[in-house]
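Engineer: Have a look at this one before I ask anything.
Below you can see the structure in the form of C-alpha cells.
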C-alpha cells in the first residue's frame, strides 16, 4: 500500500513522543503536512507547541518516533545527511534570533556563503531579493537592534528563505505584534505560499491570524498529551463538539465554560 | 479633605480602631481612606489585639463585628485586612460579622470567596537526603566532564578542519576577538606584570641582602618570570577579561536562540563561534606573555637599581641564568593556556540556560573554570618539564 502511494508528504510525523527526559509533553503524535500547505499548530500556552516544532525540524531529539521531511527521516539522520535535510527547510525563531553582530544583508547571505559557490555580489543580489519579498529592501544595512520587532521577524523569514527551502517553520510569528503589523506578516506569508509554493508549518495562538492563513490546523492539549482536533479552522470553529476546541475558537473564558 | 494631604499624615485618626465589649464580643471600626499606606500602621496592632482577645477564655464562642460604615474608600489592602481578621476568627471557632460595607466593595470581596483558599497549608519541601544530594552532585560533575570531553573532541576536529580549509574560517571574528583579547589587554597586562616584577625582586632582595647576595636576585626573578609568572599572570588576566567576554557573548546568543538558528541552518556553532575565538587565544597568549615577561623584567631591573645593581650586571646575570629554552617553555605553556582559557569561555557560553541571569552565571563559571584549568594545565606541564628537562 505504502509503496504504491506516489504522494510524498512535506512532513510526515509517525508516533512522535515529545518531552524532556522523563517529562512527556506529547504522546504518539501522527499527522502529515501536504506540500504547499499552510499548516498551523495551535494550543494553549505551555502545551508544548514550540517543543513539538523544535522536534519537527530536528533541533531536539524526540523521545521516540520519527519525523520524515520530504520522505527523509531527520530523526535517524546523522552527519552530512542530516545537514542536507536541514538545508531543505528554514526556521524563524520566536524572537527572530537574527545574528546581532551582522546587518540584515549579512544575516541573509550567511547561509549562502556556507553552502553555495556564488560570489559575494551574486549572494548580495539574492539576499536583496529575499529582503524585498518580506518588504525590507531599504533596511539591508541596518543592524537587527536598529529595527522593530515586527521587522526583525520578517528579516528572520528572509534569512530562513536564504537557501530557497521548500518548507518554512515559523515559531509564533504574530506574537507580540500589533494587529496591523501582524496582518502584514500574514499577507507576506500568504504571498510566499502562493508565489513560491512554500510549505509553512506555523506555531500560533492568534485566532485572527489562524483564520486568515491556515489551510489546516492541529490543536494540541496539555491534558490529553496529544492532538484533540485536526482540520480547517473555520470548520472546527463552527462544528466541533469538543468543549476545549469550542472554547478555544470562540474565545470563551475557562470560568464561564466550567 | 484636602487632596494634597495623604490619609497617612493624620496620626490622630487611625483607620481601624479595636474596642473590646466583653469576653464574647468585640468590634473593629474602620473609617476614612483605608489604603495600603494607612493600614500598615494598624494592621499588626489589631491582629495582636485580636489574638490576645481570642486567647482569653478560649472555650467561649466569640463574635467580632466589623463596622465598615464610616469607610470613605477601601483599597485592595483593606479587603485583605478584612479577610485576615475573618480567617483568624473562623480558625478559633468564633464568628465574624461584617456590617455597613458599601455595596461597591462587595464584588471585590466576593472574588476571594471562599477565603480559606488564600491560606494554603504551608508547603513542606521534601528534604533531599545526603546520599541523594551526593548522587546528584556526582551526576552533575559527570555530566560536566562528559560535556567537556565531547566539546574537546568537536573542537579538536574543527580546529583541524580550519587548518585544512583556512579560507572558510571566519577571519573577521578572529580579528575582532584577537583585538579585544590582545591589543585591548596590553595596558592591564603591562600594569600587573610591572607590579609583579617589582614585588618579586623587592621581596627577594630583602632576604638576599642579609647574605650579601642581591646580585642573584635579578637572574632568579627573570627565570621565575619567563618560566612561570609571565604565562600565569597573562592567563589569569585573559580568563578574567576574555574568557568571561566570550561566555557572555555566546551566552547571549544562546539565550536569543541565535545558536539554535545556526544549528538549524546547518552550521556548526563550534566552527562558527568557537574556532575563531580559540584561534585568537592561540595567537594572543604567547605575544601577551612575551610582553608581560619584558615589562616584568624591566620592572625588576629598576627595582634592583635601587639596591645598587647596575643594568649591565642585571643583564649579564640574566643572560647566564635564562636560556632560550626557558623562554620557549614559558611561551608554549602560554599557548596551551590560551587554548584552554578561550575554549572554556566558549563552552560555558554554549551551556548557558535561559534568561539574563544565566548569562551572568555563565560568565562567572567561565572565569572560575578557566582558572581551575590553568592550574591543572600548569601542574601537568610542570611534571612534564621536570621529567623531560624542557
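Residue numbers (our numbering), protein chains in the order written: chain A, 1 to 258; chain B, 1 to 390. All residues carry an ideal CB built from backbone N, CA and C; glycine is no exception.
Might you give, ordered along the chain, the residues of its own chain that have their beta carbon closer than 7 angstroms to the beta carbon of residue 27 of chain B, omitting 5 neighbours on each side?
Structural biologist: For the purposes of this step, residue 27 of chain B is identified with residue 27 of the second chain, where counting begins at 1. 19, 21, 65, 67, listed in sequence order.
Engineer: For residue 263 of chain B and chain A, any beta-carbon pair shorter than 8 angstroms?
Structural biologist: Counted from its first residue, the second chain places residue 263 of chain B at position 263. Yes - at least one Cβ of chain A is within 8 angstroms of the one on residue 263 of chain B.
Engineer: Cβ of residue 26 of chain A within 8 angstroms of Cβ of residue 56 of chain A?
Structural biologist: The residue labelled residue 26 of chain A in the question sits at position 26 within the first chain. The residue labelled residue 56 of chain A in the question sits at position 56 within the first chain. Contact: no.
Engineer: Note down, in chain order, every chain B residue with its Cβ under 7 angstroms from the Cβ of residue 87 of chain A.
Structural biologist: On the first chain, position 87 is the one that residue 87 of chain A refers to. Residues of chain B passing the Cβ test: 266.
Engineer: So residue 242 of chain B and residue 367 of chain B are supposed to be a Cβ contact under 8 angstroms. How far apart are they, rounded?
Structural biologist: Indexing the second chain from 1 puts residue 242 of chain B at position 242. Indexing the second chain from 1 puts residue 367 of chain B at position 367. The Cβ separation is near 10 angstroms, so there is no contact.
Engineer: How would you label residue 260 of chain A, buried or exposed, when you count the other beta carbons within 10 angstroms and need 16 or more for buried?
Structural biologist: This structure cannot settle anything about residue 260 of chain A, because the visible part of chain A is limited to 1 through 258.
Engineer: Assess contact between the stretch 186-197 of chain A and the stretch 9-19 of chain A, defined as three or more Cβ pairs (one per stretch) separated by less than 8 angstroms. Is contact present?
Structural biologist: In short, these stretches do not touch, since the Cβ pair count stays below three.
Engineer: Leaving out five residues on either side along the sequence, give the residues of the same chain with a beta carbon under 8 angstroms from the beta carbon of residue 176 of chain A.
Structural biologist: The sequence position of residue 176 of chain A within the first chain is 176, counting from 1. Here the set comprises 149.
Engineer: Just the chain A side, please: which residues come within less than 9 angstroms of residue 258 of chain B by C-beta, in chain order?
Structural biologist: Here residue 258 of chain B corresponds to residue number 258 of the second chain, with the count starting at 1. Under the 9 angstroms cutoff, chain A gives 93, 97, 98, 99, 100.
Engineer: What does residue 177 of chain A touch in chain B if you count any residue whose Cβ is under 9 angstroms from its own?
Structural biologist: Position 177 of the first chain, counted from the first residue, corresponds to residue 177 of chain A. Residues of chain B passing the Cβ test: none, with the nearest at roughly 18 angstroms.
Engineer: Could you name the residues of the stretch 49-66 of chain A whose beta carbon sits closer than 9 angstroms to any beta carbon of chain B, in the order they occur along the chain?
Structural biologist: Listed by position, the residues of the stretch 49-66 of chain A near chain B (Cβ gap below 9 angstroms) are 54, 57, 58, 59.
Engineer: As a quick exercise: from A:75, A:143, A:105, pick the residue whose alpha carbon is nearest that of residue 126 of chain A.
Structural biologist: Within the first chain, numbered from 1, the residue matching residue 126 of chain A stands at position 126. Residue A:105 is the option with its Cα nearest to residue 126 of chain A.
Engineer: Determine the closest residue to residue 151 of chain B out of B:355, B:356, B:91, B:349, with distance taken between C-alpha atoms.
Structural biologist: Here residue 151 of chain B refers to the residue found at position 151 of the second chain. Ranking the options by Cα distance to residue 151 of chain B, first place goes to B:349.
Engineer: Identify every run of the beta strand (DSSP E) within the stretch 27-77 of chain A, keeping only runs that are complete inside it and at least 3 residues long; order them along the chain.
Structural biologist: Qualifying beta strand (DSSP E) stretches, in chain order: 38-43, 64-69.
Engineer: What in chain B is Cβ-close to residue 83 of chain A, meaning under 8 angstroms?
Structural biologist: Along the first chain, read from residue 1 onward, the residue named residue 83 of chain A stands at position 83. The answer, in chain order, is 266.
Engineer: Is there a Cβ from chain B that is less than 8 angstroms from the Cβ of residue 146 of chain A?
Structural biologist: Taking the first residue of the first chain as position 1, residue 146 of chain A is located at position 146. Judged by the 8 angstroms Cβ criterion, residue 146 of chain A is not in contact with chain B.
Engineer: Along the chain, which unbroken stretches of the alpha helix (DSSP H) at least 4 residues long are found entirely within the stretch 67-108 of chain B?
Structural biologist: Whole alpha helix (DSSP H) segments, 4+ residues: 76-91.
Engineer: Give a yes or no on whether the C-beta atoms belonging to residue 211 of chain A and residue 179 of chain A are separated by under 8 angstroms.
Structural biologist: Indexing the first chain from 1 puts residue 211 of chain A at position 211. Indexing the first chain from 1 puts residue 179 of chain A at position 179. No, the Cβ-Cβ distance between residue 211 of chain A and residue 179 of chain A is not below 8 angstroms.
Engineer: Counting beta carbon pairs with one atom in the stretch 251-261 of chain B and one in the stretch 305-312 of chain B, are three or more of them shorter than 8 angstroms?
Structural biologist: Flag = no, the stretch 305-312 of chain B and the stretch 251-261 of chain B do not touch.
Engineer: Which first and last residues belong to the alpha helix (DSSP H) in which residue 119 of chain A is found?
Structural biologist: In the first chain, counting from the first residue as 1, residue 119 of chain A sits at position 119. No alpha helix (DSSP H) holds residue 119 of chain A; DSSP gives it neither H nor E.
Engineer: Just how far apart, CA to CA, sit residue 391 of chain B and residue 218 of chain B?
Structural biologist: With chain B covering only 1 through 390, there is no way to say anything about residue 391 of chain B.
Engineer: Chain B partners of residue 200 of chain A, CB-CB under 7 angstroms?
Structural biologist: Numbered from 1 along the first chain, position 200 holds the residue referred to as residue 200 of chain A. Ordered by position in chain B, no residue passes the 7 angstroms Cβ test against residue 200 of chain A, which lies about 16 angstroms from the chain.
Engineer: In angstroms with no decimal places, state the Cα-to-Cα distance between residue 249 of chain A and residue 208 of chain A.
Structural biologist: Here residue 249 of chain A refers to the residue found at position 249 when the first chain is read from its first residue. Here residue 208 of chain A refers to the residue found at position 208 when the first chain is read from its first residue. If I take the Cα positions, the gap works out to 10 angstroms.
Engineer: Can you check DSSP and say which residues form a bridge with residue 19 of chain B?
Structural biologist: What you label residue 19 of chain B is simply residue 19 of the second chain in a count that begins at 1. DSSP lists B:27 as partners of residue 19 of chain B.
Engineer: Comparing alpha-carbon positions, which option in B:374, B:272, B:361 lies nearest residue 228 of chain B?
Structural biologist: Here residue 228 of chain B is taken as the residue at index 228 of the second chain, counted from 1. Comparing Cα positions, the closest option is B:374.
Engineer: Can the beta-carbon of residue 79 of chain A be found less than 8 angstroms from the beta-carbon of residue 220 of chain A?
Structural biologist: The sequence position of residue 79 of chain A within the first chain is 79, counting from 1. The sequence position of residue 220 of chain A within the first chain is 220, counting from 1. Contact flag unset, no.
Engineer: Relative to the C-alpha of residue 382 of chain B, which residue among B:231, B:287, B:96 is closest?
Structural biologist: Taking the second chain and counting its residues from 1, one reaches residue 382 of chain B at position 382. The shortest C-alpha separation from residue 382 of chain B is found at B:231.
Engineer: Anything in chain B within Cβ reach of residue 248 of chain A, meaning under 8 angstroms, just list it in chain order.
Structural biologist: On the first chain, residue 248 of chain A is found 248 positions in, with the first residue counted as 1. Within chain B, no residue comes near residue 248 of chain A; the closest Cβ sits about 25 angstroms away, beyond 8 angstroms.
Engineer: Rounding to the nearest angstrom, what Cα-Cα distance links residue 213 of chain A and residue 169 of chain B in this structure?
Structural biologist: Within the first chain, residue 213 of chain A is the residue found at index 213, counting from 1. Within the second chain, residue 169 of chain B is the residue found at index 169, counting from 1. Using only the alpha carbons, I get a separation of about 41 angstroms.
Engineer: Using a beta-carbon distance cut-off of less than 9 angstroms, what residues from the stretch 104-117 of chain A approach chain B?
Structural biologist: Cβ contacts with chain B: 110, 111, 113, 114, 115.
Engineer: Please report the straight-line C-alpha distance between residue 322 of chain B and residue 222 of chain B, rounded to a whole angstrom.
Structural biologist: Looking up residue 322 of chain B in the second chain gives position 322. Looking up residue 222 of chain B in the second chain gives position 222. About 7 angstroms.
Engineer: With distances taken Cα to Cα, identify the nearest neighbour of residue 226 of chain A among A:11, A:41, A:37.
Structural biologist: Looking up residue 226 of chain A in the first chain gives position 226. Ranking the options by Cα distance to residue 226 of chain A, first place goes to A:41.
Engineer: Output yes or no for whether 8 angstroms exceeds the beta carbon distance between residue 228 of chain A and residue 242 of chain A.
Structural biologist: Here residue 228 of chain A refers to the residue found at position 228 of the first chain. Here residue 242 of chain A refers to the residue found at position 242 of the first chain. Taking 8 angstroms as the Cβ cut-off, residue 228 of chain A and residue 242 of chain A qualify as a contacting pair.
Engineer: Which residues mark the beginning and the end of the alpha helix (DSSP H) in which residue 209 of chain B is found?
Structural biologist: Taking the first residue of the second chain as 1, we reach residue 209 of chain B at position 209. Taken as a continuous stretch (DSSP letters only), the alpha helix (DSSP H) holding residue 209 of chain B covers 186-209.
Engineer: Sorted by chain position, which residues of the same chain lie with C-beta nearer than 8 angstroms to residue 112 of chain A's C-beta, five sequence neighbours on each side aside?
Structural biologist: On the first chain, residue 112 of chain A is found 112 positions in, with the first residue counted as 1. Counting only Cβ-Cβ distances below 8 angstroms, and skipping sequence neighbours, we find 118, 123, 126, 127, 162, 163.
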